[in-house]
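The block underneath contains the structure these notes are about, expressed in structure tokens.
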Amino acid sequence: MDLSFSAEEQAFRAEVCGFLADKLPPELAQTVRDGRGLSKDNYERWHALLNEQGWLAPNWPKEFGGCEWNAVQRHIFEDECCRAHAPRIVPFGLSMLAPVLQKFGSKQQQDHYLPRILSSQDWWCQGYSEPGAGSDLASLKTKAVRDGDTYVVNGQKTWTTLGQYANWIFCLVRTDPTVKQQAGISFLLIDMDTPGIEVRPIILLDGTHEVNEVWFTDVRVPVENLVGEENMGWTYAKYLLTHERTNIAGVGFSQAGLAAVKRLARSQMHRGRPLIENPHFAARVARVEIDLMAMSTTNLRIISGAAKGQAPGVESSMLKVKGTQIRQEINDLARRAAGVYAMPFASEGVEGSNEAPIGPEGTTHVAAQYFNNRKLSIFGGSNEIQRNIIAKVKLGGGA
Ligand SMILES: Cc1cc2nc3c(=O)[nH]c(=O)nc-3n(C[C@H](O)[C@H](O)[C@H](O)COP(=O)(O)OP(=O)(O)OC[C@H]3O[C@@H](n4cnc5c(N)ncnc54)[C@H](O)[C@@H]3O)c2cc1C
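This is how it looks when you write it as structure tokens:
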């Protein structure tokens with residue numbers, strides 16, 4: 001398998017680098033580099049710049065206004081964006097809902113919603129998980145009962161990321177409680193301004209407001225907001241999840257994080273010498289760097305296969321587990337390198353504050369990131385669930 005980049009791919013990389021050098025606002029890059037929280041305005045500004053360039057929807061077909069990039073181009077783009085500390089593209093509308101609408105939505109839904117996603121007129125959030133329905137998603141209980149030309153929705157979603165910014169939510173709802181769990185689910189598009197919806201914040205370990213509970217009490221949703229057929233939502237939900245897992249290895253994030261750890265460990269002293277020279281610390285850095293190089297090669301192998309039309313299977317689970325382990329180990333090394341400066345943790349350091357940071361450059365956000373990234377092994381299918389998949393598919397064991 002050839003893992004080198006072709007001349008065209010290298011030219012594409014140069015074009016992406018040129019764009020980032022010209023268009024990525026330095027203050028946005030600095031915010032990302034410092035690990036500070038991004039506001040809704042920050043995300044929308046970056047989306048608008050990418051949209052102007054025609055690069056906001058790398059995975060969409062051209063007929064819908066996307067780039068239709070192949071897996072290698074998407075990898076190069078994500079890689080360079082990470083290196084330049086660009087904000088991530090918020091995935092809910094662009095990478096999750098849009099592919100579902102493009103495949104299963106009506107022409108009216110495609111014509112109405114897709115342009116509004118590109119222009120950031122709509123901010124979508126994902127209403128899948130519920131208390132008691134996370135890993136076991138098919139047991140979800142939020143119900144939608146047909147009443148004339150509306151569905152009446154009652155129930156609760158949870159862990160809804162950035163739901164406080166959203167004006168729309170796509171939801172899995174139970175429309176038939178009498179059949180096998182997976183067979184009674186539908187996929188609904190719900191306007192967050194509809195009476196009966198309440199968004200309640202959940203504050204995470206790092207003190208930030210990133211996720212929410214969303215409560216529905218007698219919320220009336222027009223039937224034309226149903227995607228595809230009633231009770232076929234599980235098929236669409238699974239299709240969406242295959243798109244949720246793009247850039248799953250997070251190689252670029254880990255490379256940027258590891259570089260930051262090394263910078264910090266060179267500047268911090270331990271028993272009179274730079275921490276990076278401490279044998280125990282250096283061995284941990286070396287181990288994670290080797291793991292990262294191995295994962296990066298595996299990732300390229302899978303991308304190379306995907307560019308030739310091979311659908312990634314259980315490899316996605318392997319990348320998810322290994323990629324998140326590596327990122328969490330890097331967070332832990334950063335926390336260790338920051339030493340006592342990781343202790344005066346305050347969410348103001350993450351959200352932005354007028355106070356001068358305590359400790360040397362690169363330490364303000366370390367504790368917050370360590371706490372926040374515990375999520376990596378939970379969402380997108382927890383690592384235990386991924387291991388079950390690997391065991392079942394590769395080792396032939398029962399999960
Ligand atoms: C920061 C964050 C953001 C999120 N954003 C969203 C969002 O925007 N929209 C949305 O719908 N959801 C979101 N989620 C929810 C996420 O998808 C769920 O947290 C995840 O699916 C796990 O479900 P759970 O939390 O209910 O844990 P549970 O499913 O209750 O699992 C608890 C523990 O048991 C383990 N476990 C469960 N079943 C098995 C099994 N069969 N074998 C072995 N171990 C098992 C799990 O791995 C986990 O360690 C988010 C979660 C987090 C943490």
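Numbering follows full-length UniProt numbering, in which position 55 of the sequence shown is assigned residue number 55; successive positions increment by one, without gaps.
Every residue, glycine too, gets a C-beta built ideally from N, C-alpha and C.
Worksheet item: Where does Y187 fall in DSSP's three states?
Response: Translated into positions along the sequence shown, residue 187 becomes position 187. The question names Tyr, but residue 187 in the sequence shown is Phe. F187 falls in the strand class under three-state DSSP.
Practice prompt. Would you check whether ligand 1 has a heavy atom nearer than 7 angstroms to the C-beta of residue 400?
Written response: Because residue 400 is not part of the residues shown, which for the chain are 1 to 399, the question remains open.
Worksheet item: Would you call the stretch 359-375 and the stretch 326-335 in contact, with 3 or more CB pairs under 8 angstroms?
Response: yes
Item to complete: Please report how far the alpha carbon of A399 lies from the alpha carbon of R387, in whole angstroms.
Response: Reading the sequence shown from its first residue, position 399 is the one you call residue 399. Reading the sequence shown from its first residue, position 387 is the one you call residue 387. Confidence at A399 is low in this model, with a pLDDT of 43, below 50, so the placement of that residue should be treated as unreliable; the coordinate-derived value is given next. Approximately 9 angstroms, taken between the alpha carbons.
Discussion item. Can you look up A399 in the DSSP assignment and give me helix, strand or coil?
Written reply: Here residue 399 is taken as the residue at index 399 of the sequence shown, counted from 1. Reliability fails at A399, whose pLDDT of 43 lies under 50, so the model's placement of it is uncertain and no value is given.
Discussion item. Could you tell me the alpha carbon to alpha carbon distance between E229 and L24, rounded to whole angstroms?
Written reply: As a first step, residue 229 is located in the sequence shown; it is residue number 229 there, counting from the start. As a first step, residue 24 is located in the sequence shown; it is residue number 24 there, counting from the start. Approximately 42 angstroms between the Cα atoms of the pair.
Discussion item. Looking at the secondary structure, which residues open and close the beta strand (DSSP E) in which I171 lies?
Written reply: For this step, residue 171 is matched to residue 171 along the sequence shown. Checking the sequence, you will find Cys at residue 171 rather than Ile. Counting along the chain, the beta strand (DSSP E) containing C171 begins and ends at W168 to R174.
Item to complete: Figure out for me which residue from E213, R263 and V288 has the closest Cα to the Cα of I276.
Response: In the sequence shown, counting from the first residue as 1, residue 276 sits at position 276. Ranking E213, R263 and V288 by Cα distance to I276 puts R263 first.
Worksheet item: Tell me the DSSP bridge mates of T150?
Response: Working through the sequence shown from its first residue, we reach residue 150 at position 150. The partner list for T150 (beta bridge, DSSP) reads D147 and P222.
Worksheet item: Are V72 and I378 closer than 8 angstroms when you measure CB to CB?
Response: Position 72 of the sequence shown, counting from 1, holds the residue named residue 72. Position 378 of the sequence shown, counting from 1, holds the residue named residue 378. No, the pair does not count as a contact, with Cβ atoms beyond the cut-off.
Discussion item. For W124, report the span of its beta strand (DSSP E) as first-last.
Written reply: Numbered from 1 along the sequence shown, position 124 holds the residue referred to as residue 124. Segment W124 to G127, the beta strand (DSSP E) holding W124.
Item to complete: Check the C-beta distance from N59 over to D122 and give it rounded, since I have them as a contact under 8 angstroms.
Response: Your numbering for residue 59 matches position 59 in the sequence shown. Your numbering for residue 122 matches position 122 in the sequence shown. With 8 angstroms as the limit, N59 and D122 do not qualify as a contact, their Cβ atoms being about 18 angstroms apart.
Worksheet item: How is M343 classed by DSSP in three states: helix, strand or coil?
Response: Taking the first residue of the sequence shown as 1, we reach residue 343 at position 343. Correct three-state label for M343: coil.
Worksheet item: Around the Cβ of S4, are there at least 16 other Cβ atoms within 10 angstroms (buried) or fewer (exposed)?
Response: Here residue 4 refers to the residue found at position 4 of the sequence shown. By the 10 Å Cβ count, S4 comes out exposed.
Worksheet item: Counting Cβ pairs, one atom from each stretch, are 3 or more of them under 8 angstroms apart for the stretch 175-191 and the stretch 232-244?
Response: yes
Practice prompt. Tell me whether A7 is buried or exposed, calling it buried when 16 or more other Cβ atoms sit within 10 Å of its Cβ.
Written response: Taking the first residue of the sequence shown as 1, we reach residue 7 at position 7. Exposed: under 16 other Cβ atoms inside 10 Å.
Worksheet item: Is the beta carbon of N212 less than 8 angstroms from the beta carbon of T178?
Response: Working through the sequence shown from its first residue, we reach residue 212 at position 212. Working through the sequence shown from its first residue, we reach residue 178 at position 178. Result no, Cβ atoms of N212 and T178 do not sit closer than 8 angstroms.
Fill in: Every unbroken beta strand (DSSP E) within the stretch 195-265, with a cutoff of 3 residues, ordered by chain
197-203 and 209-222
Worksheet item: Is F371 near ligand 1, judged by its Cβ being under 7 angstroms from some heavy atom?
Response: Locating residue 371 in the sequence shown gives position 371, where the first residue counts as 1. Not under cutoff, so the answer is no.
Worksheet item: V227 and G105 look like a contact to me (Cβ under 8 angstroms); what is the Cβ gap, rounded to whole Å?
Response: Counting from 1 along the sequence shown, the entry for residue 227 is found at position 227. Counting from 1 along the sequence shown, the entry for residue 105 is found at position 105. Correct: roughly 6 angstroms between the Cβ atoms.
Worksheet item: For residue 401 versus V314, is the C-beta spacing smaller than 8 angstroms?
Response: The requested residue 401 does not occur in the structure, where the chain is confined to residues 1 to 399.
Worksheet item: For H270, which three-state DSSP category applies?
Response: Your numbering for residue 270 matches position 270 in the sequence shown. When secondary structure is reduced to three states using DSSP, H270 falls in the strand class.
Item to complete: Confirm, please, whether the CB-CB distance from L28 to N42 is below 8 angstroms.
Response: Mapped onto the sequence shown, residue 42 falls at position 42. Mapped onto the sequence shown, residue 28 falls at position 28. At the C-beta level, N42 and L28 come within 8 angstroms of one another.
Worksheet item: Do you know offhand how far L395's Cα is from A307's?
Response: Reading the sequence shown from its first residue, position 395 is the one you call residue 395. Reading the sequence shown from its first residue, position 307 is the one you call residue 307. Cα-Cα distance, rounded: 27 angstroms.
Worksheet item: Which of the three DSSP states, helix, strand or coil, is assigned to K392?
Response: The residue you call residue 392 lines up with position 392 of the sequence shown. Note: K392 maps to helix in three-state DSSP.
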